[in-house]
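These notes are about the structure you will find just below.
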Amino acid sequence: MVLVPAGEFQMGISGEQSRDYCRSSGTHPDSMEFMRPDRRVYLDAYWIYRYPVTFGQYRAFCAANPKFEVPSNVYTRHRLPDTVMTDDFPICFVTWHDAVAYCKWAQVRLPTEAEWEKAARGVDGRLYPWGNVFNPVFANFRTELHGVPESVFSRSEGVSPYGAEQMSGNCRDWCDDRFAPYGKSDRPFKGPLDLWGFSHQPRKGEVSVERNPRGGKLGASRVIRGGGWGNGNPDWAGLTTFRQGDAPTSKHRDVGSICEFGGSDIQ
Numbered sequence: 000m001v002l003v004p005a006g007e008f009q010m011g012i013s014g015e016q017s018r019d020y021c022r023s024s025g026t027h028p029d030s031m032e033f034m035r036p037d038r039r040v041y042l043d044a045y046w047i048y049r050y051p052v053t054f055g056q057y058r059a060f061c062a063a064n065p066k067f068e069v070p071s072n073v074y075t076r077h078r079l080p081d082t083v084m085t086d087d088f089p090i091c092f093v094t095w096h097d098a099v100a101y102c103k104w105a106q107v108r109l110p111t112e113a114e115w116e117k118a119a120r121g122v123d124g125r126l127y128p129w130g131n132v133f134n135p136v137f138a139n140f141r142t143e144l145h146g147v148p149e150s151v152f153s154r155s156e157g158v159s160p161y162g163a164e165q166m167s168g169n170c171r172d173w174c175d176d177r178f179a180p181y182g183k184s185d186r187p188f189k190g191p192l193d194l195w196g197f198s199h200q201p202r203k204g205e206v207s208v209e210r211n212p213r214g215g216k217l218g219a220s221r222v223i224r225g226g227g228w229g230n231g232n233p234d235w236a237g238l239t240t241f242r243q244g245d246a247p248t249s250k251h252r253d254v255g256s257i258c259e260f261g262g263s264d265i266q
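Shown next as structure tokens:
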């Protein structure tokens with residue numbers, strides 16, 4: 000594990016960052032609204048896994064808990080042959096409930112969405128774990144007609160400021176929080192189209208600092224963070240502010256059990 004010290008950081012993408020990013024990338028502004036508004040967040044110190052949880056680690060969990068099964072392979076796009084997942088590949092095709100069960104067995108927990116984001120971007124508001132400019136060499140995304148997963152020990156150039164690996168690309172990550180639009184914690188997630196079209200007015204006056212925030216209060220959908228090897232728009236999905244929500248019973252070929260990181264409180 001790596002230590003993320005206590006302190007404040009910027010969570011979410013600011014209006015200025017969003018405008019600059021959309022101007023340079025040609026991205027429609029509506030596709031950035033679910034990452035806004037940005038705000039100051041204070042988090043207590045915590046530990047987070049340095050590498051994604053692997054098939055080898057999940058295999059040990061399943062051996063100790065026979066009602067759980069290890070996914071045997073991951074289907075690539077366009078009916079290409081299966082990719083055999085060796086023990087150093089990130090675990091995927093597991094539900095949020097599977098991830099929680101693994102955490103309980105490993106005596107850790109899923110990170111909150113805020114913990115995930117701080118571990119990925121640090122305290123300088125960067126757009127990617129390595130800086131503000133996307134580099135396809137630093138993260139595993141689909142760049143051709145299909146993508147394939149990689150070892151958790153690959154692409155060390157994309158390491159986060161705290162030493163956490165693969166926070167962008169390879170496999171997306173389950174977080175503990177319920178998914179909700181920022182600033183609308185009482186509104187449950189209704190589906191993928193619910194991510195677009197939010198309206199966030201500029202804040203006025205002094206901004207208060209949130210302490211150890213949690214996600215939505217309603218709904219079953221849980222937060223997914225970090226882009227995966229199946230994403231075809233990596234400069235967008237690879238953002239440290241990129242977020243999604245899905246049912247806790249869902250399985251995806253590039254979403255894993257903690258799927259790279261499990262948080263653990265400092266005692």
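Reminder that position 224 of the sequence shown reads as 223 in numbering that gives the first Met the number 0, one-by-one numbering, no gaps. For each residue, glycine too, the CB sits at the ideal point set by N, CA and C. Bear in mind the structure is a predicted one, so any value in this text is a computation, not a measurement.
- No Cβ-Cβ contact shorter than 8 Å links Phe188 with Ser153.
- Cβ-Cβ distances below 8 Å link His27 to Cys21 in the same chain, with the five nearest sequence neighbours on each side left out; the list follows chain order.
- With contacts defined by Cβ atoms closer than 8 Å, Thr111 and Asp19 do not form a contacting pair.
- Under the 10 Å beta carbon count, Val107 is surrounded by 16 or more other beta carbons and is classified as buried.
- Counting C-beta pairs closer than 8 Å gives fewer than three between the segment 229–239 and the segment 48–67, which falls short of the contact rule.
- Ile12 and Gly229 have their C-alpha atoms spaced approximately 23 Å apart.
- When the five nearest sequence neighbours on each side are left out, the beta carbons in the same chain lying within less than 8 Å of the beta carbon of Met0 are those of Trp46, Ile47, Tyr48, Arg49, Ser263, in order along the chain.
- If you look at Asp19, you'll find it in the alpha helix (DSSP H) that goes 14–24.
- DSSP places Tyr101 within a helical segment (H, G or I) once states are collapsed to three.
- Looking from the CA of Asn134, the closest CA among Arg58, Val52, Gly168, Val40 belongs to Gly168.
- For Asp175, the enclosing beta strand (DSSP E) begins and ends at 171–177.
- Secondary structure at Met166: coil, using DSSP grouped into helix, strand and coil.
- When DSSP states are grouped into helix, strand and coil, Met84 belongs to the coil group.
- The C-beta distance from Ala118 to Ser159 rounds to 6 Å, short enough to meet the 8 Å contact threshold.
- Judged by their CB atoms, Arg39 and Val208 are nearer to each other than the 8 Å cut-off.
- Secondary structure at Gly124: coil, using DSSP grouped into helix, strand and coil.
- Going by DSSP, Phe140 is part of no alpha helix (DSSP H) at all; its letter is neither H nor E.
- Counting every other CB atom within 10 Å of its CB across the protein chains shown gives Pro4 a total below 16, marking it as exposed.
- Around Phe54, the same chain offers Met84, Asp86, Phe88, Ile90 as residues with beta carbons nearer than 6 Å, after the five sequence neighbours per side are excluded.
- Between Pro247 and the set Asp29, Arg58, Val122, Ala100, the nearest pair of CA atoms involves Ala100.
- Under the three-state reduction of DSSP, Met31 is assigned to helix.
- Ranked by how close their Cα comes to the Cα of Arg224, the residues Gly146, Arg177, Asn211, Leu217 have Arg177 in first place.
- Non-local C-beta neighbours of Met10 in its own chain, meaning closer than 7 Å and more than five positions away in sequence, comprise Asp37, Arg38, Val40, Ala113, Glu116, ordered along the chain.
- Contact between Gly244 and Val222 holds: CB atoms are separated by about 6 Å, below the 8 Å threshold.
- Counting along the chain, no alpha helix (DSSP H) covers Gln106, and no H or E run does either.
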